[in-house]
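According to numbering that gives the first Met the number 0, the sequence shown holds residues 0 to 205 in order.
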Amino acid sequence: MHCPFCRHGDSRVIDSRTTDDGTAIRRRRQCPECGRRFTTVETASLSVVKRSGATEPFSRQKVLVGVRKACQGRPVTEDQLALLAQRVEESVRATGSAEVDAHEVGLAVLEPLRELDEVAYLRFASVYQAFNSLEDFEAAITLLRAEREATGREPAHLLGGTAYHAGMPHTTSGALAGSAGPGTRLGAGPGVRPGAGPGATPVTPH
Ligand SMILES: [Zn+2]
0 MHCPFCRHGD
10 SRVIDSRTTD
20 DGTAIRRRRQ
30 CPECGRRFTT
40 VETASLSVVK
50 RSGATEPFSR
60 QKVLVGVRKA
70 CQGRPVTEDQ
80 LALLAQRVEE
90 SVRATGSAEV
100 DAHEVGLAVL
110 EPLRELDEVA
120 YLRFASVYQA
130 FNSLEDFEAA
140 ITLLRAEREA
150 TGREPAHLLG
160 GTAYHAGMPH
170 TTSGALAGSA
180 GPGTRLGAGP
190 GVRPGAGPGA
200 TPVTPH
């Protein structure tokens, strides 16, 4: 492989190790000409089988485009989208197979998208699962509600109090971060980064 710095036509592998999950190999290489080092990553190529039967290389970019469309007008950042696309690729690759159905890629999007934004999730699911009646939406919303109730108890437990839930039954973690003033944030300890969460007030020392 040629050197990405000086374009010399050859490079030497000086170290080679498998990533923790075993799905890739990282190679440290050195250019004999300029002496600089760089890393290459080797992964199995992953093909997506489309409904037509044609195959194409898996593209994180394509996942991103589809999800971004579903998230239009929603409070979702590009960083969150990129992270979601990365999670989708990881979960598809984790199947260990070199070829997956386009359908499986869509399935892998649903779960992380639901965690990110329920409205975007419904949009995506309605296209992907070809909703064609109000009943389809109703069923999906009923399922969302049921799952929200099932998981809704956890944050209350983690907060260790009932104050938030008594007054704000619909609080999301984002709203919680926003409602805490700078004073609260300072007292929250090193685990909480200033500026974390939407609507956070930057803490500036005087
Ligand atoms: Zn070089």
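Glycine residues also receive a C-beta, built at the ideal position from the N, C-alpha and C atoms.
Pop quiz: residue i and residue j are said to be a contact at Cβ under 8 Å. What is the actual Cβ separation, rounded to whole angstroms?
i: A93; j: S46; result: At roughly 16 Å, the Cβ-Cβ gap does not stay under 8 Å, so A93 and S46 are not in contact.
i: R16; j: R28; result: R16 to R28, Cβ: 13 Å. No contact.
i: R26; j: E41; result: 7 Å
How is the alpha helix (DSSP H) around residue i delimited, first residue to last?
i: E55; result: Per DSSP, E55 belongs to no alpha helix (DSSP H); it is in the beta strand (DSSP E), T54 to P56.
i: D78; result: E77 to R92
i: S125; result: E117 to Y127
i: Q71; result: Counting along the chain, Q71 falls outside any alpha helix (DSSP H), and DSSP gives it neither H nor E.
In chain order, what residues of the same chain lie with their CB nearer than 8 Å to the CB of residue i, ignoring the 5 residues before and after it?
i: H7; result: H1, C30, P31, E32 and C33
Can you give me the start and stop residues for the beta strand (DSSP E) that residue i sits inside?
i: D14; result: R11 to T17
i: E32; result: E32 -> no beta strand (DSSP E), and no H or E assigned at all.
i: S46; result: S46 to V48
Based on DSSP bridge pairs, tell me the residues matched to residue i.
i: R26; result: S15 and T39
i: E98; result: S46
What do you reckon, is the C-beta of residue i under 6 Å from a heavy atom of ligand 1?
i: F37; result: no
i: H1; result: no
i: C5; result: yes
i: C33; result: yes
i: C30; result: yes
Looking only at its own chain, which residues have a Cβ that is under 6 Å from the Cβ of residue i, when we skip the five neighbours before and after it?
i: D9; result: none
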